[in-house]
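Residue numbers (this note's numbering): 2 to 358.
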Ligand code: UDP
């Protein structure tokens, strides 16, 4: 059996690590295409090196393009690769432009599409990711959902069992965390190790909805600056899109900043921090797996289970009080025992399901 995996953005490198390992162990031939959506060493190469990901057989060059240009370029370059490789399946992860481009290319040639992280919805059509998710799910033959909530979303949208196969397998990000946690470590790019012995909040911000609007970004930055100065020190690995916008809009973010870090450092930071403040999808769950409270810097989340369980609070930028959410979470006694993201064997379930077809 041959699978072409299309990856291109940071979270996809992380999600692919356990799945590539499961494919190798179960004798599935995997051919990886890297779309080049993320291309800086600290957004791409570091994950291949540290996590031992298989070297991509094909490297495209789509970085820095607009959403539509990027999707079109990747799709048109993928089609001849798929024709040449003639895989049994094309596999895509999550909700990025690379995900949708891979989905469309597979559909063009009538190759069965496998979507890992299917069924997630924010119900916010302003998010490019929401469009990517919905269309990718529609084009898929096999949909691997991380949660039962995702299955409900698909059912509500009319995904029937005649045309789609839906399998709830748990979250591959949990597999990744369990696999790599024992190798988590400090690295000199983080700055002095002693800083992390004290209390601190781990922050990441990169969503288009937060960084593209100068007013919204200014409000968020003011809130973060005030919390850093008066309440708890904040440490943030700065995403390249956010760095670009801060410069363009001339906004001063006065918290501890570093470059994007590798996954092993991220896992170390998750163990050390008191709280996570993020607009990332993946990090909300990693905070949960690491038993840390999380404030999601967005109006809605795809990971509603965490909000329902009180371990994650949504922060409506400019409309709710970030400082209050942080202190409430830090004072609450939180329960991290819910196991709804699986047992850490989602990757094995993917390979076993594909082999059983
Ligand atoms: N991450 C990382 N280094 C960083 C910031 C994030 O390794 O400097 C990891 C993080 O731990 C998670 C993934 O990248 O596994 C999340 O990616 P991102 O926030 O870019 O995307 P999203 O999850 O929002 O799609």
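Glycine is no exception: its CB is placed at the ideal position from the N, C-alpha and C atoms.
Please indicate yes or no: does the CB of residue i lie closer than 8 Å to some heavy atom of the ligand UDP?
i           : result
residue 35  : no
residue 282 : yes
residue 207 : yes
residue 235 : no
residue 287 : yes
residue 264 : yes
residue 120 : no
residue 174 : yes
residue 2   : no
residue 42  : no
residue 64  : no
residue 48  : yes
residue 1   : A query on residue 1 cannot be resolved here, the shown segment of the chain reaching from 2 to 358 and no further.
residue 271 : yes
residue 116 : no
residue 15  : yes
residue 240 : yes
residue 347 : no
residue 96  : yes
residue 12  : yes
residue 279 : yes
residue 215 : no
residue 19  : no
residue 147 : no
residue 177 : yes
residue 261 : yes
Using DSSP's beta-bridge definition, name the partner residues of residue i.
i           : result
residue 110 : DSSP, once it has assigned bridges, lists no residue as partnering residue 110.
residue 313 : 295
residue 238 : 259
residue 145 : 117 and 168
residue 31  : 4
residue 203 : 236 and 277
residue 92  : 6 and 115
residue 59  : 34
Below 7 Å CB to CB, which residues in the same chain sit around residue i once its five sequence neighbours on both sides are set aside?
i           : result
residue 335 : 294, 311 and 312
residue 201 : 233, 234, 235, 236, 274 and 275
residue 209 : 129
residue 120 : 138, 144, 146, 151, 152, 154 and 155
residue 238 : 205, 259, 260, 261 and 262
residue 351 : 20, 23, 117, 145 and 170
residue 291 : 271 and 272
residue 172 : 147, 286, 342, 343 and 347
residue 359 : Any answer about residue 359 is impossible in this case: the structure gives the chain only from 2 up to 358.
residue 51  : 263, 264 and 265
Identify, in the order they occur along the chain, each residue of the same chain with its Cβ nearer than 6 Å to the Cβ of residue i, setting aside the five sequence neighbours on each side.
i           : result
residue 72  : 98, 101 and 102
residue 90  : 4, 113 and 115
residue 79  : 106
residue 140 : 104, 108 and 114
residue 185 : 265, 268 and 269
residue 207 : 240, 242 and 243
residue 15  : 177 and 264
residue 164 : none
residue 49  : none
residue 92  : 4, 6 and 115
residue 257 : 236
Excluding the five sequence neighbours on either side, which residues of its own chain have a C-beta within less than 8 Å of the C-beta of residue i, listed in chain order?
i           : result
residue 149 : 169 and 341
residue 132 : 101 and 126
residue 21  : 6, 31, 33, 54 and 55
residue 220 : 318 and 319
residue 66  : 74
residue 308 : 297, 302, 314 and 315
residue 285 : 277, 279, 295, 297, 302, 304, 307 and 313
residue 328 : 232
residue 199 : 234
Does chain C have any CB closer than 9 Å to the CB of residue i?
i           : result
residue 203 : Given the protein chain composition of this structure (a single chain), no chain C is represented.
Practice task
Indicate whether the contact test is met: 3 or more Cβ pairs, each with one atom in the stretch 223-240 and one in the stretch 322-329, closer than 8 Å.
Solution key: yes
Handout entry: the stretch 33-47 contacting the stretch 59-68, beta-carbon criterion three pairs below 8 Å
Key = yes
Handout entry: Contact the stretch 242-262 vs the stretch 182-195: 3+ CB pairs below 8 Å
Key = yes
Exercise for the section: Pair every Cβ in the stretch 245-257 with every Cβ in the stretch 168-184, then say whether three or more of these pairs are closer than 8 Å. Expected result: no
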